[in-house]
Amino acid sequence: MDDFRTLIATDTIERRIRELARDVAAAYPDQPPCVIAVIEGARVFARHLMRHLGWSTTVHEIRASSYGAGTISSGDVQVSGTVAPMRGQRVLLVEDIVDTGLSIARLFHELGDQGASDIEVVTLLSKPSRREVEVDLRFVGFEIPNEFVIGFGMDVAGRYRELDRVAIFDAAREARA
Ligand code: IMP
Ligand code: MG
97 MDDFRTLIAT DTIERRIREL ARDVAAAYPD QPPCVIAVIE GARVFARHLM
147 RHLGWSTTVH EIRASSYGAG TISSGDVQVS GTVAPMRGQR VLLVEDIVDT
197 GLSIARLFHE LGDQGASDIE VVTLLSKPSR REVEVDLRFV GFEIPNEFVI
247 GFGMDVAGRY RELDRVAIFD AAREARA
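The numbering of the sequence shown is the numbering used here, which starts it at 97 and goes up by one.
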């Protein structure tokens, strides 16, 4: 096994996702929204969430990237992929982690321009201490301290997404491993 310190254990994550699914389902009693996962990071979380929701809808994907290869956001958020049609449709954005908030703020903007209404966010993790823009997060799995995390879909330069827990990335430990 790798050497990274666990921040949130697998069974704790699973339990929390089940609770989140219950809250999300209650918010959409009549019909499921248009679900959009922010890839790559949110794919794993979206898969687990959808399994509990049991909605037979497609999970759309949109890419927002600002990191390049490091652990420091460039602040310049690139969005690619359009999700259509959705004029007047309610949207549920699925994120792995909200850090500065710049990506989500940008996506709110883009999807609003495409005519989406009532955009809500469900994110597995949030780092409130890092926020640069205020974003309204309706469903949050865990608030975490200012650490760079990996696992459960989250990566550093494309690595460690497959860890089944959330761990703290530590470059020194990686070098020793
Ligand atoms: P934001 O735009 O700063 O809120 O960052 C958004 C995106 O950066 C997240 O959706 C993640 O994909 C990525 N990110 C932010 N913090 C971390 C982290 O600690 N580990 C891995 N990815 C992160
Ligand atoms: Mg993400």
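Note that CB positions come from ideal geometry on N, CA and C, so glycine has one too.
Simplified DSSP assignment, three categories, for residue i
{"i": "Leu189", "result": "strand"}
{"i": "Phe204", "result": "helix"}
{"i": "Val219", "result": "It should be pointed out that residue 219 corresponds to Thr in this sequence rather than to Val. Here Thr219 sits in strand by DSSP."}
{"i": "Asp107", "result": "helix"}
{"i": "Arg269", "result": "helix"}
{"i": "Glu258", "result": "coil"}
{"i": "Asp195", "result": "coil"}
{"i": "Arg227", "result": "coil"}
{"i": "Ala133", "result": "strand"}
{"i": "Ala160", "result": "strand"}
{"i": "Glu243", "result": "coil"}
{"i": "Ala122", "result": "helix"}
{"i": "Ala263", "result": "strand"}
{"i": "Pro181", "result": "Confidence at Pro181 is low in this model, with a pLDDT of 49, below 50, so the placement of that residue should be treated as unreliable; the coordinate-derived value is given next. In this structure, Pro181 counts as coil in the three-state DSSP scheme."}
Closer than 6 Å: residue i CB and nearest the ligand IMP heavy atom
{"i": "Val194", "result": "yes"}
{"i": "Met146", "result": "no"}
{"i": "Glu191", "result": "yes"}
{"i": "Val245", "result": "yes"}
{"i": "Gly249", "result": "no"}
{"i": "Gly137", "result": "yes"}
{"i": "Gly254", "result": "no"}
{"i": "Gly197", "result": "yes"}
Residues that residue i bridges to, as DSSP identifies them
{"i": "His144", "result": "Partner(s): none; His144 has no beta bridge."}
{"i": "Arg234", "result": "Answer is none; Arg234 lacks a bridge partner."}
{"i": "Ser213", "result": "Arg186"}
{"i": "Ser176", "result": "Arg159"}
{"i": "Thr102", "result": "Ala263"}
Proximity test, residue i beta-carbon vs the ligand MG heavy atom, cut-off 6 Å
{"i": "Val134", "result": "yes"}
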